[in-house]
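Numbering (my numbering), first residue to last: 3 to 166. For glycine and all other residues, C-beta sits at the position ideal for the given N, C-alpha and C. Keep in mind the model is a prediction, meaning the values are calculated, not measured. The structure under discussion appears below in the form of structure tokens.
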């Protein structure tokens with residue numbers, strides 16, 4: 003039985019190590035629309051040949067750090083927690099961008115000032131855990147095709163928000 007366990011361990015370990023090396027995170031930045039909430043955005047590229055599942059995030063700057071997206075419900079855009087996370091497809095890219103999928107900070111310990119650095123841990127399950135440092139840039143404009151990150155409290159309350 004021991005040789006089978008050892009073979010399984012040796013087979014699984016390189017996969018996780020390879021997947022970790024196959025994930026490349028670019029252009030990470032954070033911003034805050036108000037003193038209690040903030041968000042982080044980045045591009046995650048998977049140059050490997052297996053899908054990687056971003057299943058959880060954490061950061062020491064807020065009471066809660068979650069994966070969020072925007073969904074339309076009854077003609078109103080709402081921001082929602084995505085408990086199942088996001089898939090970074092093999093050979094593909096996941097954009098965490100304003101107006102779409104993103105990392106959400108709820109209950110900030112301190113306000114996010116331009117130039118501050120935020121450490122975020124990204125848990126990709128079998129593909130490993132990566133830590134990224136996002137620089138706070140509250141003045142950055144959204145990329146083309148994405149709305150601006152507006153007032154999270156209004157979104158959660160279901161109030162229309164055109165700049166999100």
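The stretch 134-146 makes no contact with the stretch 69-87; the number of CB pairs closer than 8 Å stays below 3. For residue 73, the beta-bridge partners assigned by DSSP are 80. Residue 58 has its alpha-carbon roughly 7 Å from the corresponding atom of residue 68. Taking C-beta atoms as the reference points, residue 49 and residue 24 count as a pair closer than 8 Å. Of all alpha-carbon atoms in 97, 117, 123, the one lying nearest the alpha-carbon of residue 44 is that of 97. Under the criterion of beta carbons closer than 8 Å, residue 104 and residue 41 qualify as touching, at roughly 5 Å.
Under DSSP, residue 54 forms a beta bridge with 90.
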